[in-house]
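Here's the structure we're looking at; comments come further down.
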Amino acid sequence: MAMDEKRFAAQTITEDGQLLLAKAERDQVETVWERHKAQQPHCGFCEMGLSCRICVMGPCRIDPFGEGPQRGVCGADADIIVARNLGRMIAAGAASHSDHGRDLVEVLLEVGEGKASGYKISDPAKLRSVAAEYGVASDGKPDLEIARELAYAMQEDYGTRKRGVQLLARAPKKRRELWEKIGVTPRGIDRETSEMMHRTHMGVDNDWVSLLLHSARNALSDGWGGSLIASEVSDILFGTPKPAQTSANIGVLKEDEVNIIVHGHNPIVSETILRATQSPEMQNLAREKGAKGINIVGVCCTGNELLMRHGIPMAGNHLTTELTLVTGAVEMMVVDYQCIMPSLGDVASCYHTKMISTSDKAHFPGMEHREFTALNAAEMGAQVVREAVENYPLRNPDKVYIPGKPITFMGGFSVEAIVEALGGSPDPLLDAIKAGKIRGAAGIVGCNNPKIKQDLGHTVLARRLIENDILVVDTGCAAVANAKAGLKSAGALEMAGPGLKEVCGALGIPPVLHFGSCVDNVRILILASALANALNVDISDLPIAGSAPEWYSEKAVAIGVYFVASGVYTVLGPTPPVTGSLNMVKMLTEGLNDVVGATFAVEPDPEKAALLIRRHIEGKRKALGLPSLTV
Amino acid sequence: MKQVVVHPERCVGCMQCMPACAAAHSRSKTLFGAVMEKPLPRPRVHVGVGLYGEGFPNRCRHCDPAPCQMACLPGAIYHSPETGTVLINPDRCINCASCAMACPFGVIRYHQDYMAAPGKTVAVKCDNCVGRQADGLIPACVEACMARALTFEESDKALKRKTDEMARRVSLGAEDRAPVESPGFNLLNAFKRAQLAVEERTY
Chain A
1260 MAMDEKRFAA QTITEDGQLL LAKAERDQVE TVWERHKAQQ PHCGFCEMGL
1310 SCRICVMGPC RIDPFGEGPQ RGVCGADADI IVARNLGRMI AAGAASHSDH
1360 GRDLVEVLLE VGEGKASGYK ISDPAKLRSV AAEYGVASDG KPDLEIAREL
1410 AYAMQEDYGT RKRGVQLLAR APKKRRELWE KIGVTPRGID RETSEMMHRT
1460 HMGVDNDWVS LLLHSARNAL SDGWGGSLIA SEVSDILFGT PKPAQTSANI
1510 GVLKEDEVNI IVHGHNPIVS ETILRATQSP EMQNLAREKG AKGINIVGVC
1560 CTGNELLMRH GIPMAGNHLT TELTLVTGAV EMMVVDYQCI MPSLGDVASC
1610 YHTKMISTSD KAHFPGMEHR EFTALNAAEM GAQVVREAVE NYPLRNPDKV
1660 YIPGKPITFM GGFSVEAIVE ALGGSPDPLL DAIKAGKIRG AAGIVGCNNP
1710 KIKQDLGHTV LARRLIENDI LVVDTGCAAV ANAKAGLKSA GALEMAGPGL
1760 KEVCGALGIP PVLHFGSCVD NVRILILASA LANALNVDIS DLPIAGSAPE
1810 WYSEKAVAIG VYFVASGVYT VLGPTPPVTG SLNMVKMLTE GLNDVVGATF
1860 AVEPDPEKAA LLIRRHIEGK RKALGLPSLT V
Chain B
9 MKQVVVHPER CVGCMQCMPA CAAAHSRSKT LFGAVMEKPL PRPRVHVGVG
59 LYGEGFPNRC RHCDPAPCQM ACLPGAIYHS PETGTVLINP DRCINCASCA
109 MACPFGVIRY HQDYMAAPGK TVAVKCDNCV GRQADGLIPA CVEACMARAL
159 TFEESDKALK RKTDEMARRV SLGAEDRAPV ESPGFNLLNA FKRAQLAVEE
209 RTY
């Protein structure tokens, strides 16, 4: 048993996770860690970005040792192949977030047309302010008309009729001029992704520098386009987040209630499920079935979306998704899209758990499909929740095990909420930074990856940064990791350095701020822009940094590149598949500084990543003429 | 006599030698045909995982004297001096696993094979692609290895090259001339080692 504990402790730092891994083994449930082990060794060509499957003259590989083939059949060398592969990862990442945004815009349109009975405008003030940015006049018009016009205007951002996506206007002027100068201003959201696929077709763009520049433009079309639209429309439809108490870890599941887990990314479905669980009819039905109520909790980013706006608790992050089902206490998991492991249906089949897929875009083995649309959402939500409640009597109490107690913390920090907490302007934050009480700010974002012990990268980095008076904002799976580690709880201030502790204490906020889901990384860009504008500098001049200590997905690559292209120095944990081209490595980690004023670094060790970020922040402070330290 | 030489420092872990080996030991001799055959052909070279997640192509060393041969009671295992290859006669094999117990390298497997009687499980291992060699081809694993971690050459020549390499490394001022074979692959491995070091740290 001691041996087992050690083994599981090497996989995850989470105690609930370790205990459930032991149960998974007893229940003969295969997990992501076992599959990761079975995949060893990983193919070095692929890890280095040196394999190309783009055309059928190939597939091709480049020998990194220089003796075997140095060019693909078409003649592409290592630089071109690595750049094309990275470009396609970014296209896929940008497409995912932006398509998520498109779905929200469609709901906004259908609300405006009066067709989507299950949805409404929850934040009319935000509707009007975003509409104004799009040049949609709102005086005297009813909300629904504005919604319709705004949706049309946003849909044009996806097309090819414009010279630049609208919300770029929020970026500092200097940054926009730089983008214009180097030719990376994103013109249309779908256009840049489509052009990336075109450029990387055999025989199109074969200059790795030009491919990398278009990669930046493609990523920016996500960060200042698709993802930003996703966040803004979610706020309009479901409310702009405000700080609220909530909780996280497996212990949020309840032994005597119907447990429904929402998994995926888009709040369109999860919001509907949440509303359906609150109806008296369903509550009564749950009691009839012997449960004390209905408990809806989240995993991954659709969970974060509900957490931000309604304080719904989180059962865990990416690598915990399978383990939540191993509790044997989940009546239903409802998924939409992105990061949903196709293994989940298999895991659920060991228990009574019903698995429901909801999007025409995302089907999974072992799941029943219930198609959600803006038109049928309310009825479909009620139907699905009814099925979950009716599944409760089938739960086998002998198989139920819910380890751990919920960790209570504060979440729900939108930019609007932070500015409100600061008393209406970013000045108090800027003053604290200028005085050196807060040295700067860092975003910790991104996923889990079985290559890194689960949550270790996120939590060690966050601890080291707040200890050194750096304010941390986090999103996605990183945000759940830090919440579970107590870094956003009442006691978290004790872990912060004296300056950060004083400022956060006075404002009544934790030293690590939950900024939302992974599309909500754009909230970090908007906050950075606000700070830069207030100081009349560029984003790249600010004492800020980004990091993705445990990233795995293509979406994370797009996020990393839009951060760097927006001027934010970004430290990655796992390395992207680029080491096959030292030209690309040098450009990404050094050369980009002369192009966009920021670079990437790769550092799997969070202790060292913290040093890199502190050194960068102090360097930026010095350049701004602020008191600085030597790290 | 040419032999397959393994250069472990060059294995990138792509495992392409494995399907190439399986296809070479199938009835159809093509990958597309091989995957539809019964019994399904299996590789005789096995890529293992090192301490740092790196690959290593583990194949029969064709020892002489071979421990497997000495352990084989029915005399199914024999040595072919022309190609320096240890071979197994599937008709004589009694599937007793003595050879696998004797083999220091763990390269013998037991399964059905198209060369054996239908339905009979036999000991199977690398045969140096003697069939391909007779047709003027090099062993399939070597042909598939784009990183040149597997080469097919005279052992004298390979050893001479290694000796010269060693001599150059101990030359005066060798740091300047030390062959950094693939800085990109070294970088990747450095990241992997760093990941493992973090995993082993206790908090």
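Residue numbers (this note's numbering), protein chains in the order written: chain A, 1260 to 1890; chain B, 9 to 211.
For each residue, glycine too, the CB sits at the ideal point set by N, CA and C.
Determine the burial state of glycine 1303(A): buried for a count of at least 16 other Cβ atoms within 10 Å of its Cβ, exposed for fewer.
With a threshold of 16 other beta carbon atoms within 10 Å, glycine 1303(A) meets it and is buried.
Please confirm if histidine 59(B) has its CB atom under 8 Å from at least one CB of chain A.
Correcting the residue type first, residue 59(B) is leucine in the shown sequence and not histidine. Not closer than 8 Å to any Cβ of chain A, the Cβ of leucine 59(B) fails to qualify, so no.
Enumerated in chain order, which unbroken segments of the beta strand (DSSP E) with a length of 3 residues or greater are wholly contained in the segment 112-176 of chain B?
Residue ranges of uninterrupted beta strand (DSSP E) with 3 or more members, entirely inside the segment 112-176 of chain B and ordered along the chain, are 117-120, 129-132 and 158-162.
Over what stretch of residues does the beta strand (DSSP E) that includes isoleucine 1798(A) continue unbroken?
Element bounds for isoleucine 1798(A): n/a, residue is neither H nor E.
Buried or exposed: methionine 174(B), going by 16 or more other Cβ atoms within 10 Å of its Cβ?
exposed
Determine the direct distance from the alpha carbon of leucine 1409(A) to that of aspartate 1362(A), and round the result to whole angstroms.
14 Å
With a threshold of 8 Å between beta carbons, is cysteine 1302(A) in contact with chain B?
Closer than 8 Å: yes.
Under a Cβ-count criterion, where at least 16 other Cβ atoms within 10 Å of its own Cβ denotes burial, should glutamine 1270(A) be classed as buried or exposed?
It counts as buried.
Rounding to the nearest angstrom, what Cα-Cα distance links valine 1332(A) and threonine 93(B) in this structure?
35 Å
Where do the N-terminal and C-terminal ends of the alpha helix (DSSP H) with tyrosine 1411(A) fall, by residue?
1402-1417
To the nearest angstrom, how far is the alpha carbon of alanine 1749(A) from that of valine 1816(A)?
33 Å
Just to make sure I have the definition right: I need the residues of chain B whose C-beta is within less than 8 Å of the C-beta of valine 1917(A). Which are they?
Outside the displayed range of chain A (1260 to 1890) lies residue 1917(A), so it cannot be described from this structure.
Put glutamine 24(B) into one of helix, strand or coil per three-state DSSP.
coil
Any beta carbon of chain B sitting closer than 8 Å to that of leucine 1711(A)?
Contrary to the premise, residue 1711(A) reads as isoleucine rather than leucine in this sequence. Interface residue, yes.
Classify phenylalanine 1631(A) as buried or exposed, calling it buried when 16 or more other Cβ atoms lie within 10 Å of its own Cβ.
buried
Alpha carbon to alpha carbon, how far is serine 35(B) from glutamate 1866(A)?
Sequence check: residue 35(B) is arginine here, not serine. So the alpha carbons of these two residues sit roughly 55 Å apart.
Which of the three DSSP states is assigned to glutamate 1321(A) in this structure?
Note on residue identity: the sequence assigns isoleucine, not glutamate, to residue 1321(A). Three-state DSSP puts isoleucine 1321(A) in coil, outside helix and strand.
What are the boundary residues of the alpha helix (DSSP H) that alanine 1545(A) is part of?
1539-1547
Give me whichever residues DSSP pairs with aspartate 1733(A) in a beta bridge.
Ile1703(A) and His1773(A)
Can you tell me which residues form a DSSP beta bridge with phenylalanine 3(B)?
An answer regarding residue 3(B) cannot be provided, because it is not within the stretch 9 to 211 covered by chain B.
Measuring CA to CA, which of Thr1444(A), Ala1535(A) and Ser1608(A) is closest to lysine 1658(A)?
Ser1608(A)
Beta carbons nearer than 8 Å to chain B: which residues of the segment 1711-1726 of chain A have them?
Ile1711, Lys1712, Leu1715, Gly1716 and Val1719
Exposed or buried, what is proline 1318(A) when buried is set at 16 or more other beta-carbons lying within 10 Å of its beta-carbon?
exposed
Is it right to say glycine 63(B) is buried, meaning 16 or more other beta carbons lie within 10 angstroms of its own, or is it exposed?
buried
Unbroken alpha helix (DSSP H) runs of length 4 or more, entirely within the segment 1520-1589 of chain A: which are they?
Here the runs fully enclosed are 1526-1536, 1539-1547, 1559-1569 and 1580-1585.
Could you check whether the Cβ of glutamine 203(B) sits closer than 8 Å to any Cβ belonging to chain A?
yes
Excluding the 5 residues preceding and the 5 following histidine 1577(A) in the sequence, name in chain order all residues of the same chain whose CB lies nearer than 7 Å to its CB.
Cys1559, Cys1598, Cys1706, Asn1707 and Cys1736
May I ask which residues mark the beginning and end of the beta strand (DSSP E) holding leucine 1831(A)?
1829-1831
To the nearest whole angstrom, what separates the beta carbons of alanine 1896(A) and isoleucine 1405(A), a pair I think is in contact under 8 Å?
In the structure as shown, chain A begins at 1260 and stops at 1890. Residue 1896(A) is therefore absent and cannot be evaluated.
List, in order along the chain, the chain B residues whose C-beta lies closer than 8 Å to that of cysteine 1307(A)?
The sequence shown places methionine at residue 1307(A), not cysteine. Within 8 Å Cβ-Cβ: Val20, Gly192, Phe193 and Leu196.
Out of Glu90(B), Asn103(B), Asn66(B) and Ala74(B), which has the shortest C-alpha to C-alpha gap to proline 3(B)?
Only positions 9 to 211 of chain B appear in this structure, which leaves residue 3(B) out of reach.
Are any of the Cβ atoms in chain A nearer than 8 Å to that of alanine 105(B)?
no
Does glycine 41(B) have its Cβ less than 8 Å from a Cβ in chain A?
no
Could you pull out every unbroken beta strand (DSSP E) segment of at least 3 residues lying fully inside the segment 1463-1511 of chain A, listed in chain order?
1503-1507
Can you find a CB in chain A that lies within less than 8 Å of the CB of methionine 174(B)?
no
By how many angstroms is the C-alpha of isoleucine 1729(A) removed from the C-alpha of alanine 1869(A)?
10 Å
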